[in-house]
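First the structure, in the form of structure tokens, and then the observations on it.
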Amino acid sequence: MATDTVSPTLPGGSGGSSRLFVGQVESLDPIMGDAMLVSVRVPRTVAQQLRPGRFFEITCRHETTFDPLLRRPFSVYRVDRERGSLVFLIRPFGRGSGWMARRKVGDELDVLGPLGNAYETSPTTRNLVLVAGGVGVAPMVMMADEAAAKGVNVAFLMGAANERGLLPAAELPSSVEYVVATDDGSKGFHGFVTQLARDYVLWADQIMACGPEPMYRSLRDAINPIRLNGRPPVQVSMERGMACGVGACLGCVVETKRGMRTACLDGPVFDLDEVLW
Amino acid sequence: MATDTVSPTLPGGSGGSSRLFVGQVESLDPIMGDAMLVSVRVPRTVAQQLRPGRFFEITCRHETTFDPLLRRPFSVYRVDRERGSLVFLIRPFGRGSGWMARRKVGDELDVLGPLGNAYETSPTTRNLVLVAGGVGVAPMVMMADEAAAKGVNVAFLMGAANERGLLPAAELPSSVEYVVATDDGSKGFHGFVTQLARDYVLWADQIMACGPEPMYRSLRDAINPIRLNGRPPVQVSMERGMACGVGACLGCVVETKRGMRTACLDGPVFDLDEVLW
Amino acid sequence: MSADLAVPDLSVDLAPNNPRELRLANPVIAASGCFGYGQEYAGLIEVSRLGAFVSKGITPEPRSGNAMPRIVETPAGMLNAIGLQNPGIRGFVKKYPRLWEKQRLTAIVNISAETVDDFAMMAAILDEQPGIAGIEVNVSCPNINRGGYCFGWDPEMSADVTRAVRAATTLPVIVKLSPGAEDVVLVAQAVEAAGADAISLINTLVGMAIDVRRRRPVLGNGTGGLSGPAVKPVALRMVYQVAGAVQVPVIGLGGILGVDDLLEFVMAGASAVQVGTGIFVDPQLPIRLIDGLAAWMIKEGVGSLGEIVGAAQPAAVRAARGRAAEGSG
Amino acid sequence: MSADLAVPDLSVDLAPNNPRELRLANPVIAASGCFGYGQEYAGLIEVSRLGAFVSKGITPEPRSGNAMPRIVETPAGMLNAIGLQNPGIRGFVKKYPRLWEKQRLTAIVNISAETVDDFAMMAAILDEQPGIAGIEVNVSCPNINRGGYCFGWDPEMSADVTRAVRAATTLPVIVKLSPGAEDVVLVAQAVEAAGADAISLINTLVGMAIDVRRRRPVLGNGTGGLSGPAVKPVALRMVYQVAGAVQVPVIGLGGILGVDDLLEFVMAGASAVQVGTGIFVDPQLPIRLIDGLAAWMIKEGVGSLGEIVGAAQPAAVRAARGRAAEGSG
Ligand SMILES: Cc1cc2nc3c(=O)[nH]c(=O)nc-3n(C[C@H](O)[C@H](O)[C@H](O)COP(=O)(O)OP(=O)(O)OC[C@H]3O[C@@H](n4cnc5c(N)ncnc54)[C@H](O)[C@@H]3O)c2cc1C
Ligand SMILES: Cc1cc2nc3c(=O)[nH]c(=O)nc-3n(C[C@H](O)[C@H](O)[C@H](O)COP(=O)(O)OP(=O)(O)OC[C@H]3O[C@@H](n4cnc5c(N)ncnc54)[C@H](O)[C@@H]3O)c2cc1C
Ligand SMILES: Cc1cc2nc3c(=O)[nH]c(=O)nc-3n(C[C@H](O)[C@H](O)[C@H](O)COP(=O)(O)O)c2cc1C
Ligand SMILES: Cc1cc2nc3c(=O)[nH]c(=O)nc-3n(C[C@H](O)[C@H](O)[C@H](O)COP(=O)(O)O)c2cc1C
Ligand code: FES
Ligand code: FES
């Protein structure tokens, strides 16, 4: 394992396609309670090659201050490949995300990306299950748009603390089956979204999830009894505190069966069965 | 001298009247080239007792960042005692002043003050000469307003690098005699404002100045040959980097004939003849 | 905090081994050099609400301090090279002890000297004074240019000073450690053995800033002491190490600007904290910390501070510190 | 910079006493642990424009590093406890030396070990490799939990390592000092006497952060290394002290995020600088520094870097450093 610990530059990794650029905020719209949709104008080439699950590291401070120092990683909620714009879903729970949510139309952002790998849909996949927890919904929405456009059948399972935290159904393509769960039962299934996932395991060709790490563990526990030798495969996006975002600092590693892997370069998307929990 | 080095709490010092409060930006107007007039709504009690030369320490960063850490001292350009508002003249040459100049109407400011002592006009003064260098014009304008209202004859001498840097005459009461000098001769006297001061020494009952330290030295050299045993008296405001603003840290001292004095509490206004240059 | 809830016990005795005690109503102390002589901030905050305050560093003889500039801002911090400007021990005692007694303030006197005898001499003078709750011995004067070698870097030298001060007074003695020591734990253990009632850390880190335009150091003194949020991670680490290695109460400081910072130091093992630079940034900070700590304890159901002192320490250490802290209220 | 003006000479030889030389086109070097193996940032900046880069720290055996979290942000800085995750010297030489030779990069290998013999062993292996311009000896591994006592804190131990590495290779040897040493000048003079071609400083300061919610240290390793703008004042002071006390070139680092920071280090006495954390913040930083330095030199009429190396030092030191710097281009 140990000699395995140097991150190779993977295709889809930040090696080739990522870049530094200035994005311009074009709109801010409240959503899901205290969250904010921040739409950013970016070079068209960036938008065109973008795939769901990849993320951007954004400097979340004015240039004249050094605090907070590090960029913050944000994945993409929606992309407009023609106009060249990205929509980020920001939950303002800390300094960087709070700063993002306070932007005004016209503000410029110092952006690095796209970074990391992406969720991969296999060509043979007909039925796709997406599992989203809280703000983790962002890349799932982008994936739902892409899959629905390809005619893939999508079941979108979303969990939140309460009704306010849920994604409005109107945000998803009409063809998508949208099922929700809330911890307090204020809407949909009363309990964890991972319980809902059970009913879709046999139907699904692939499962993709994005949310906090505890959600992945509970998903694993909920569906593994039903899965047959690793089918359907499950892809999850791992959240880690990040510094460089390009595989240089080894600060964001995920321990996998094939050794230490970086969430920023080898990930953030990993095979559920590969990760050592 | 040494036992003299503990700052006594002077009348007019920050001991009694100063306080912490939230001010609200009510307008921003460009002036003197790259400078900005920032009008701030403050508690009326603060405005009412305010005297020219005293200053406020303002936190020049968003509350979620620690950099730049320290407050910045700004003296007052104009006061509206009825409405309770202060106008600051900001030259955006660094991080704090730049931040101030970027404020928007409605923004709140974390303000400490008023701090320090004030320029003192003696009851017998009929003719007052004010000498202003660059952004140091701020407290001189407030003093001109006050003196003119009291019927004192005011000669206002202002120096700047060039015409753009000069205070528009309309900013001063009509009764004030306004004379200007520019380093490049683009307006008024071609040279240092301190040269102009010479012609007013014998007329003046008091001289007050605010500007960079070199200006004070050149003022001294220009007028001392004409002054007779310290008449007329000259008051100058000393600029020092400051931390506490209340005489606690001893970081802002000025060496005087009576020992080390703090610019924030014993000053910023000192008798020209008291300061050891 | 809401009135209907019981107010938690914030009090702490920082000298449990000393019959004279150093009992504070709460664990928030204004740090030396940042709160003058307890008078300067009187118009802005209720000084009597502080657990205590520490005076500016007093020296055997009067000092007029270093050349200007004496302070310069750095990223999330500041450098100072005041040079211990103070009226000297004799000028000091003429003015403040009686004043403090009248004002009923809990005042700790910070002393600084260049010989063991001078430390002892000052301690003896203070021993007879009213209005003084304790002495903080500053064994590190990083920005005083005398030989430069620092008492606080050496366990033996630090212990010598502590022993001499201990012998000269029955007042509670806090020894304030220097972060410049190679192994601050050895110094802490040495001063504890030499009779320190409590240990405070950290003093400033020696730093520098250069004026690129003038091509020379910014500070008149060349180097200065670094303080503020920038140093907090270093201070926390040292407090964590020292609290895990001594039994006397530890007073943590370095970059505290909010309740979470205070809690970090307490969980690292500090029985009390000091705030310095933070007061310049927000004169109300000490009050915010006292009220914020009480509110947090109520929210978390923590009845007395001792319960969380050293909470982030390994279990073994925690047990020991826990006792020490409880012993100190 | 405007094309019509002569481009100033940014080149520097960091091993003037070594026939193999360590000549860089410019004084901007990417710091160890912050630039991987010279590949990770290839898509973002022209790596070949850097004066040089230093590899992640290599150890005798492969290491999988510390438990997560490995990094946490602090005021104007960050703490890291990566734990020297690396493929080990043998895994390393299989992959990178030939790659670097092919890519024509000026690469310096950072080595780290727990015994003098292991340092020598790695130096001997690297001596035979292509594509390696020099070795940086990391005598300070603050976040590796082996006994904790650090080579870099002790002049003799640091000298022993230097001597052993010097004997094992003719490659230029840079010794990277630890800021944890009680007196970094003594360590610098010891490693200079032991044959170091150059000295780099500072490595990270040992720090800590505590998760108040979980009531335990944030980092998996407990403590970590502090870097970024927060440490710049301490780094500058140490560079100033060391540059005033040795003749070999000094490489300054610690919190550089802009051209003014670079100039501060150069004026303090550094013949070159490294940037670490700053690259995370702005991957373009090394290029900005190179172009910005050239532009500043043209504006100020400075023809070669040597003219301003140590400009903020006392005149006597300046003269000496000046010669050393000129000697090194
Ligand atoms: C690949 C990836 C994609 C992401 N996508 C999104 C997104 O689409 N929308 C969104 O709102 N957020 C997203 N995040 C999270 C985001 O990057 C920030 O971490 C989050 O917003 C908190 O940062 P902050 O500055 O607001 O909080 P801070 O003020 O930095 O931190 C608040 C508290 O949380 C802790 N903390 C913060 N971030 C982390 C972390 N990553 N790991 C461990 N502890 C942490 C801090 O230590 C602190 O105690 C993503 C993260 C990753 C890795
Ligand atoms: C009593 C008093 C009244 C003042 N009134 C005004 C006013 O009315 N309008 C106004 O625009 N400014 C005023 N100033 C100056 C103001 O407080 C700031 O110092 C100035 O705006 C620069 O701060 P900054 O944050 O913008 O620059 P910074 O980014 O902090 O500094 C830029 C550069 O200048 C240096 N520097 C900044 N301030 C000082 C200082 N005070 N002493 C030494 N070096 C320094 C810094 O070290 C840095 O190198 C006053 C200062 C004092 C003491
Ligand atoms: C302006 C200033 C003056 C100081 N003077 C003293 C002093 O006289 N004696 C002392 O022991 N510490 C002195 N200190 C150090 C502080 O007491 C404290 O140890 C240090 O600043 C770290 O705490 P902080 O980050 O909260 O400021 C001084 C600090 C500052 C900023
Ligand atoms: C994530 C990270 C990893 C590091 N790894 C190493 C290392 O392996 N070897 C080493 O000598 N220094 C290492 N360092 C220290 C840096 O090389 C540098 O000395 C320090 O970060 C100060 O410079 P900076 O403030 O520019 O980052 C590392 C620093 C960081 C932030
Ligand atoms: S953030 Fe992933 S390796 Fe640096
Ligand atoms: S700023 Fe004047 S004494 Fe602190």
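Protein chains in written order, with my numbering: chain A, 624 to 900; chain B, 624 to 900; chain C, 7 to 335; chain D, 7 to 335.
Think of the CB as a built atom: it goes at the ideal place given N, C-alpha and C, for glycine as much as any other residue.
CA-to-CA distance, residue j to residue i, given in whole angstroms
| i | j | result |
| --- | --- | --- |
| P675 (chain B) | L295 (chain C) | 35 angstroms |
| S809 (chain A) | I314 (chain C) | 37 angstroms |
| V18 (chain D) | L311 (chain D) | 8 angstroms |
| V122 (chain C) | I830 (chain B) | 52 angstroms |
| V876 (chain A) | M883 (chain A) | 6 angstroms |
| I131 (chain D) | G258 (chain D) | 27 angstroms |
| R881 (chain A) | A202 (chain D) | 40 angstroms |
| A12 (chain C) | I304 (chain C) | 8 angstroms |
| G228 (chain C) | W722 (chain A) | 37 angstroms |
| E46 (chain C) | G870 (chain B) | 6 angstroms |
| F157 (chain C) | A251 (chain C) | 20 angstroms |
| V248 (chain C) | V190 (chain C) | 7 angstroms |
| G646 (chain A) | R664 (chain A) | 5 angstroms |
Member of the options whose CA lies at the smallest distance from the CA of residue i
| i | options | result |
| --- | --- | --- |
| I849 (chain B) | B:D894, B:G719, B:L825, B:G782 | B:L825 |
| L753 (chain B) | B:V775, B:R664, B:V876, B:L709 | B:V775 |
| P14 (chain C) | C:E306, C:A322, C:A317, C:V323 | C:E306 |
| L291 (chain C) | C:D266, C:A317, C:A274, C:M303 | C:D266 |
| L709 (chain B) | B:S720, B:R677, B:T687, B:T688 | B:R677 |
| R821 (chain A) | A:G864, A:P691, A:L780, A:S860 | A:L780 |
| L56 (chain D) | D:R26, D:V143, D:L111, D:N92 | D:L111 |
| L20 (chain D) | D:D288, D:E188, D:S206, D:G158 | D:S206 |
| T283 (chain C) | B:G868, B:R726, B:G814, B:G707 | B:G868 |
| P737 (chain B) | B:D894, B:G890, B:W900, B:D896 | B:G890 |
| M696 (chain B) | B:P856, B:G719, B:V799, B:V702 | For clarity, residue 696 (chain B) is Pro in the given sequence; the question names Met instead. The shortest C-alpha separation from P696 (chain B) is found at B:G719. |
| R220 (chain D) | C:Q319, C:K62, C:S118, C:E27 | C:Q319 |
| R854 (chain A) | A:L651, A:R714, A:T748, A:C683 | A:T748 |
| A204 (chain D) | D:Q253, D:L192, D:G213, D:R96 | D:Q253 |
Cβ-Cβ distance between residue i and residue j below 8 angstroms
| i | j | result |
| --- | --- | --- |
| L693 (chain B) | E79 (chain C) | yes |
| L751 (chain A) | A832 (chain A) | no |
| S242 (chain D) | E198 (chain D) | Before going on, a small fix: residue 242 (chain D) reads as Leu here, not Ser. It is not a contact, given that the beta carbons lie outside the stated cut-off. |
| P81 (chain D) | A37 (chain C) | no |
| V898 (chain B) | T879 (chain B) | yes |
| A58 (chain D) | A174 (chain D) | no |
| L789 (chain B) | V764 (chain B) | no |
| L673 (chain B) | V699 (chain B) | yes |
| P289 (chain C) | L643 (chain B) | yes |
| P185 (chain C) | L211 (chain C) | yes |
(request) Identify each residue in the region 60 to 83 of chain C for which the Cβ-Cβ distance to at least one residue of chain A is less than 7 angstroms, and report them in chain order. (result) P81, A82
(message) Which residues of the region 695 to 724 of chain B have a Cβ closer than 8 angstroms to any Cβ of chain A? Give them in chain order.
(response) R718, G721, W722
(request) Could you run through the region 224 to 249 of chain D and flag, in chain order, every residue whose CB is less than 7 angstroms away from some CB of chain C? (result) T229, L232, P235, A236, K238, P239, V240, L242, R243, Y246
(request) Could you name the residues of the region 253 to 270 of chain C whose beta carbon sits closer than 8 angstroms to any beta carbon of chain F, in the order they occur along the chain? (result) Chain labels in this structure do not include chain F; the protein chains are A, B, C and D.
(request) Give, in chain order, every residue of the region 34 to 53 of chain C whose Cβ lies closer than 8 angstroms to some Cβ of chain B. (result) G39, C40, F41, G42, Y43, Q45, E46, Y47, A48, G49, L50
(message) Please list, in chain order, the residues of the region 285 to 317 of chain C that have any C-beta partner in chain B closer than 9 angstroms.
(response) I285, F286, V287, D288, P289, Q290
(request) Quick one: which residues of the region 726 to 758 of chain A get their C-beta closer than 8 angstroms to a C-beta of chain B? List them in chain order. (result) none
(request) For the region 674 to 690 of chain B, enumerate the residues whose C-beta is nearer than 7 angstroms to any C-beta of chain D, in chain order. (result) F689, D690
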